[in-house]
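Here is the structure we will look at.
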Amino acid sequence: MAITEAPRIVTSRLSHSDSHTLERYLATGGYEGLRKALSMTPEQVAAEVDAASLLGRGGAGFPAGRKWAMLRKAPVTYLVVNGDESEPATFKDHLLLERDPHQLVEGVVIAAYALGVTQAFIYVRGELALGMERVQAALNDAYEHGAVGPDIFGSGFGVDVVVHPGAGAYICGEETALIESLEGKRGFPRIKPPYFPAAIGLYGEPTVVNNVETLSNLPWIVLNGGAAFSALGEGRSAGTRLFALAGKVRNPGVYEIEMVKTTFRDLIYAPVLGGGVLAGRDLKAIIPGGVSAPWFGPEHLDLPLGQDEVGAAGSMLGSGSVVVMDDQTCALRAAWRITKFFWRESCGQCTPCREGSGWLEKILRRLEQGAGREEDVDLLLDVCDNIAPGITWPPQQTTICVLGPSIPSSIASAIRMFRDEILLHVKEGACPYG
Amino acid sequence: MAHLSPDNLERARALVALYPHPRSALVPLCHVAQEQDGWLTPEAISDIAELVGTTPADVLGTASFYDMLHTEPVGTYVVSICTNIACMLRGADDLLRHAEEHLGIHPGGTTPDGMFTLEEAECLADCGRAPCLQVNHRFFGNLTAEGFDALVADLRSGTLDSEVPHHGTLCRIRRTGGLSSGKGGPPAMAAAESVPEGGS
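Chains as they are written, first to last, in my numbering: chain W, 939 to 1372; chain G, 76 to 275.
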């Protein structure tokens, strides 16, 4: 395994401090993909995206081409961009929104053209104020430039793009909750079926919801062809992907990497990437794919960064986040903090998630503080089993959305990998890590 | 309806016109109101209800779902310290403890002079610079205890005024282009016109 010479597809401009401006964008090939797309038929554009085998970069990893194909049979009314990046330790869309907003706008217009959509919404996480300003400024310039609005580049095709601010709610990253939120309501996920956005989406109309990074790939794909994209990576994991590396690592940051060709070890230890565990300590565990994902240990370091490879090993690439814990990290405290997050962010619709997350948080807190009991470990698993029966991966669910079934991941991982360490908290009546 | 300033009322009507259904503007209007007052006042909630065609209770019930919308007064600067996993691994618990001592308040509290409100935040998506925080939703990263004290001093002295707008201000860039932003009329789009009323 190695770090390959694959082209930078979505981060090509980031070495420029003015990467967010129209001037820089046009000077670096900006809106050429859109011009090319407009010279093709919408079907041809969609076929290129299909050929690219672009998997959605939001978390679920659903093929973008197939998502579109479900809709091309019937007219699509709305395109909604999911820019509500909130999965803990995920910060790649934040980067794209702030540093290359025109690339996103171009991707949105290409997608709108392929889908025949005349109204698009970019839902930006509320906390990302600068990102929102950059996207709005880019849109204003793009309208002026003729790249958005009526009759784009004289093609006769037009689309209106509206930036919509979120207001602080993790659950709104779930696509049906995002749609509810965009309709001006609480971000309550809708039950699927029947509320698949493709069938009954925004205002009850067929809707495509795509992630920021997913759409940011489109200008390159149209310009270079779907085959050039799918030639990168391997199998179902085509192209490059952004990985957000965080935690106990020397060089945390966002790295664009060719999928499958690079391993967790490369990402964490390569001098040009993570640079190794902080202070040269030993690696204890990694959380791949966001805090909804089951953890890996050092034995998984040589696993390739590919969707199927990570899936087969019992976890997921999810949102593209990788968190490193070192040998001084209390695994129980990590599991408690993650569970506290889910408890705070549970929307409250479903009893197993709403009540279960609170119970789990309390049990984990007392264990971590040294006030727990040995039986608490089984109690934790019992509560988890009520949220996600069998505690399997991928999880079964008793809830409307996958937030609830994501809660057991960190708890079951901590128990599976560090049961002795958890019990030491009980025996010593305190956290062994202080 | 008279609480929102004439300028904000105009902004609000333009926002409502961007959407096929007025209700979609509810959260954006809450942000406009927060930008004006620093928090979401009952008077502003009444205005918003009228603008989007619902009741004040409905606006309050919706707004209370969202962490960024404050239905009670907050300080001039809302300091939100992330303690989620990536920041926790980089010393966020110590940073929060230090902030509590330095400001003399706990999360949810406001200093007696009304300058600072402290919040314990969930992941703010700036983990490359952990531990991080936001002041009125502007990022500050790689923070130490000393760095925090310097930040507070700079905020107090006003040297960060251009970087940190007052609380509630999100997007300072107004929409200038677009099919439906011209005279505040409805979107002139065939797709928008075909949307049935109350479609969801």
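A virtual CB, placed ideally from N, CA and C, is assigned to each residue, including glycine.
query	result
State the start and end residues of the unbroken alpha helix (DSSP H) segment that holds L226(G).	A220 to S232
Using a Cβ-Cβ cutoff of less than 7 Å, which residues in the same chain neighbour P240(G) once the five nearest sequence positions on both sides are dropped?	N211 and R247
Could you have a look at Q1287(W) and say whether DSSP puts it in helix, strand or coil?	coil
For I1117(W), which residues in the same chain have their Cβ closer than 8 Å to its Cβ, ignoring the five residues on either side in sequence?	V1018, R1128, P1135, G1139, L1140, T1145 and V1147
Is DSSP giving A266(G) helix, strand or coil here?	With a pLDDT of only 38 at A266(G), under 50, the local geometry of the prediction cannot be trusted, and no value is derived from it.
Leaving out the 5 sequence neighbours to the left and right, which residues in its chain are closer than 8 Å to K974(W) when beta-carbon positions are compared?	V1160 and L1161
When you compare each of G1342(W), C1268(W) and Q1074(W) to D1323(W) by their alpha carbons, which one comes out closest?	G1342(W)
Count the other C-beta atoms from every protein chain shown that fall within 10 angstroms of the C-beta of N217(G), then say buried if there are 16 or more, exposed otherwise.	exposed
Measuring alpha carbon to alpha carbon, tell me which residue in L199(G), D201(G), R86(G) and L178(G) is nearest F223(G).	L178(G)
For G1087(W) and chain G, any beta-carbon pair shorter than 8 Å?	yes
Give me the residue from T1337(W), I1301(W), W1158(W) and E1306(W) with the minimum Cα distance to D1320(W).	I1301(W)
Mind checking if I160(G) is an interface residue toward chain W, Cβ cutoff 8 Å exclusive?	yes
Just the chain W side, please: which residues come within less than 8 Å of E197(G) by C-beta, in chain order?	S1024, P1026, Y1108, F1279, R1282 and E1283
Curious, which full-length alpha helix (DSSP H) runs of at least 4 residues does the region 99 to 128 of chain G contain?	101 to 112 and 117 to 127
Can you list the residues of chain W that V127(G) reaches, using a CB-CB cut of under 8 Å?	G1122
Going by CA-CA distance only, name the one from H96(G), L235(G), H145(G) and R165(G) that's closest to E194(G).	H145(G)
Using a Cβ cut-off of 8 Å, pull out every chain W residue sitting near F200(G), in sequence order please.	Checking the displayed sequence, the identity of residue 200(G) turns out to be Ala instead of Phe. Neighbours of A200(G) on chain W, chain order: E1023, S1024, T1028, F1029, D1031, H1032, R1063, E1065 and L1066.
Excluding the 5 residues flanking W1006(W) on each side, which residues of the same chain have their C-beta closer than 7 Å to its C-beta?	A984, V987, A1052, L1053 and V1146
Can you give me, in chain order, the residues of the region 157 to 184 of chain G that have a beta carbon less than 8 Å from any beta carbon in chain W?	T158, N159, I160, A161, M163, L164 and R165
Note the first and the last residue of the continuous alpha helix (DSSP H) segment covering E986(W).	P980 to A990
Compare the C-alpha of P1013(W) against each of C1369(W), I1224(W), P980(W) and S1347(W) and name the closest.	P980(W)
Is the beta carbon of V1260(W) closer than 8 Å to that of L1205(W)?	yes
Anything in chain W within Cβ reach of P103(G), meaning under 8 Å, just list it in chain order.	H1102 and P1103
Quick check: the region 1058 to 1073 of chain W against the region 1028 to 1036 of chain W, are there 3 or more CB pairs under 8 Å?	yes
Looking at the strands, I want to know which residues DSSP matches up with P1001(W).	L993(W)
Determine the DSSP secondary structure at Q209(G), reduced to helix, strand or coil.	strand
Measuring alpha carbon to alpha carbon, tell me which residue in M1263(W), I1338(W) and T1336(W) is nearest M1355(W).	M1263(W)
Please classify G956(W): is it buried, with 16 or more other beta-carbons within 10 angstroms of its beta-carbon, or exposed?	For the sequence presented, residue 956(W) should be read as Asp rather than Gly. The residue in question, D956(W), is exposed, as its Cβ has fewer than 16 Cβ neighbours within 10 Å.
CB-CB under 8 Å to G128(G), same chain, minus the five flanking residues each way: which ones, in chain order?	P97 and R98
Strictly under 8 Å for the Cβ-Cβ distance: is R88(G) near chain W by that measure?	no
DSSP on L357(G), reduced to helix/strand/coil?	Residue 357(G) is absent from the model: chain G starts at 76 and stops at 275.
Just to confirm my understanding: we take P1190(W), look at its own chain, exclude 5 residues before and 5 after, and list those with CB closer than 7 Å. What are they?	L1183 and A1184
Does F140(G) have its Cβ less than 8 Å from a Cβ in chain W?	yes
Beta carbons nearer than 7 Å to chain W: which residues of the region 196 to 230 of chain G have them?	E197, C198, L199, A200, D201, C202, G203, A205, Q209, H212 and R213
Within 10 Å of its beta-carbon, does H106(G) have 16 or more other beta-carbons around it, so buried, or fewer, so exposed?	buried
Mark F1000(W) as exposed unless 16 or more other C-beta atoms lie within 10 angstroms of its C-beta, in which case mark it buried.	exposed
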